[in-house]
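In the numbering used here, each number is its position in the sequence shown, counted from 1, plus 25.
Read the structure below first, then the notes.
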Amino acid sequence: MTPVRVAIAGSTGSIGRQTLEVISAEPDSYVVVGLSAGSSVDLVVEQALKFRPSLVAMSDEAARERVRDALAGVGGIEVVADATEMCGIADVVINGVVGFAGLPVTMATLKNGRRLGLANKESLIAAGPIVQPLRQVEGADLVPVDSEHCALHQCLRSSVDTNREVARLVLTASGGPFRGRSFADLEQVSVDEALRHPTWSMGPKITIDSSTLMNKGLEVIEAHELFGTGFDDIDVVVHPQSVVHSMVEFTDGSTIAQLSMPDMRLPIGYALGWPERLRTPFGKIDWTQLSRLDFEPPDRRAFRCLDLAYQAGRSGGTAPAVISAANEVAVDAFMSRRITWHQIHDVSAAVLDHSTIVMPTSVEEVIDADRCAREDAERVISGMIS
Ligand SMILES: NC(=O)c1ccc[n+]([C@@H]2O[C@H](COP(=O)([O-])OP(=O)(O)OC[C@H]3O[C@@H](n4cnc5c(N)ncnc54)[C@H](OP(=O)(O)O)[C@@H]3O)[C@@H](O)[C@H]2O)c1
């Protein structure tokens with residue numbers, strides 16, 4: 026069988042590295058044709074020498090020159106600036122870029138009629154109205170890599186008529202490192218504490234988002250975009266073991282859930298193999314070790330970002346782009362110790378409140394909304410620290 030050609034955007038990150046692990050587990054089934062990163066020269070060179078893609082894209086100019094020098098004597102690898110160049114030569118593109126920077130790859134993959142394994146939720150959340158029509162391009166397919174949405178995708182496989190049968194989507198949340206803490210308790214939490222996720226090892230931005238539950242709020246918007254479910258029919262439940270990855274409740278009262286140990290290689294492999302399943306098991310459950318599964322409602326007062334994201338999702342138009350951009354800036358400011366953990370919410374709420382929301386009709390309007398929200402977030406932060 027001809028191996029599936031895979032391009033990985035953000036190959037040096039947590040999702041990117043795990044994608045290469047999955048491919049290494051089934052080397053006869055997949056071949057890497059493209060890798061892209063921002064500025065991590067040494068790792069991308071090491072990956073290129075091992076997997077021999079025909080394209081390596083580096084967004085950072087200085088890093089690109091260094092990668093070019095390092096690969097100069099190696100035949101068959103072209104080093105370019107634009108990661109979208111690899112979207113037309115792959116059967117599947119895994120988008121593991123962090124933040125809004127992932128938008129061009131999301132759009133180019135679908136425009137080229139290829140399968141998109143989407144980890145980069147920010148692009149779909151920010152540009153939903155622009156990305157949705159591209160899903161109709163012949164050959165284009167969007168398979169979610171986020172574990173919750175991968176779980177929903179799997180649960181919905183059992184449905185004959187999703188529109189008529191589905192009553193509710195239930196997204197699970199681990200609760201992050203601060204589960205059980207009160208609003209007052211969270212006043213002084215540090216960056217190091219916020220980065221200590223109890224069940225998942227991920228990149229820093231999503232780890233901070235998990236600590237605020239903004240990640241879950243963004244995932245609610247992502248679920249709405251992916252499956253077309255209304256916001257009133259998407260719920261969140263805290264499940265600290267991260268074994269049930271999400272559930273679909275049907276109109277007859279049945280709930281179907283997807284379970285596996287927390288291991289992102291499973292949803293990555295699901296997107297690579299779709300509609301078939303990988304032969305290699307990742308995250309298999311040992312039922313002699315798993316003794317309990319707990320569920321509790323989220324504390325919406327301590328973790329205010331959850332409802333803020335619902336509010337942005339319900340507003341629609343450019344509101345999700347605004348909240349996602351403001352949150353990115355606020356998370357950066359928190360990580361560089363310029364604002365407190367609670368202020369991540371306050372910055373995002375202030376920017377959403379200031380913004381004029383429109384229904385975008387072009388990608389330029391989404392980019393503009395993103396830029397304005399970032400500028401406003403910087404202004405709000407400057408006001409907070411002056
Ligand atoms: N990690 C997880 O388990 C997980 C789970 C679910 C969803 N996700 C989602 O997957 C995405 C990636 O998360 P991650 O945890 O893998 O992040 P990460 O570890 O921080 O990796 C981010 C990747 O994006 C690249 N990158 C950063 N800025 C870029 C730019 N301007 N242009 C091109 N590439 C750029 C980085 O390259 P450099 O190394 O060169 O900076 C790196 O390869 C996020 O949207 C996240 O929400 C992640």
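Cβ coordinates follow ideal geometry from the N, Cα and C atoms, glycine included.
Note on the segment 178 to 212: whole beta strand (DSSP E) runs with a minimum of 3 residues are 191 to 198, in chain order. With distances taken between CA atoms, C397 lies nearest to A375 out of S236, A375, M409. Scanning V58, T381, D288 for the CA closest to the CA of A176 turns up D288. Assignment of D166 by DSSP, reduced to helix, strand and coil, places it in the strand class. The beta carbons of V245 and W366 sit no closer together than 7 Å. I259 counts as buried, since no fewer than 16 other beta carbons sit within 10 angstroms of its beta carbon. Put simply, the segment 353 to 361 does not touch the segment 314 to 326. Fewer than three CB pairs are less than 8 Å apart. Our two residues, M239 and L331, have alpha carbons roughly 5 Å apart in a direct line. When only Cα atoms are considered, G338 and G255 end up about 10 Å apart.
For V99, the three-state secondary structure derived from DSSP is coil.
Counting only runs of 4 or more residues that sit fully inside the segment 92 to 148, the alpha helix (DSSP H) segments are 128 to 136, in chain order. The C-alpha of H264 lies about 16 Å from the C-alpha of I281.
The alpha helix (DSSP H) runs of length 4 or more contained entirely in the segment 270 to 356 are, from start to end of the chain, 290 to 298, 330 to 340. When beta bridges are read from the DSSP output, D260 appears opposite V195.
Under DSSP, V31 forms a beta bridge with V57, V117.
With the rule of 3 Cβ pairs closer than 8 Å, the segment 119 to 128 counts as touching the segment 35 to 52. Three or more Cβ pairs drawn from the segment 126 to 141 and the segment 106 to 116 lie within less than 8 Å of each other, which places the two stretches in contact. Residue state for V70 is assigned as helix, using DSSP reduced to three classes.
Excluding residues up to 5 positions away in sequence, R140 lie with their Cβ nearer than 6 Å to the Cβ of D166 in the same chain. In summary, N188 is exposed, with fewer than 16 beta-carbon neighbours lying within 10 Å of its beta-carbon over all protein chains present. Proximity to P300 across I150, Q43, E103, Q179 peaks at Q179, based on C-alpha coordinates. At a threshold of 6 Å, I369 does not count as near ligand 1, since its beta carbon sits no closer than that to any of the ligand's heavy atoms.
Pairing A32 with G59 gives a Cβ-Cβ distance under 7 Å. Within the same chain, Cβ atoms closer than 6 Å to the Cβ of S349 are found at E147, I150, A151, the five residues on either side in sequence being excluded. Closest in alpha carbon position to S387, among A126, P154, A192, P28, is P154.
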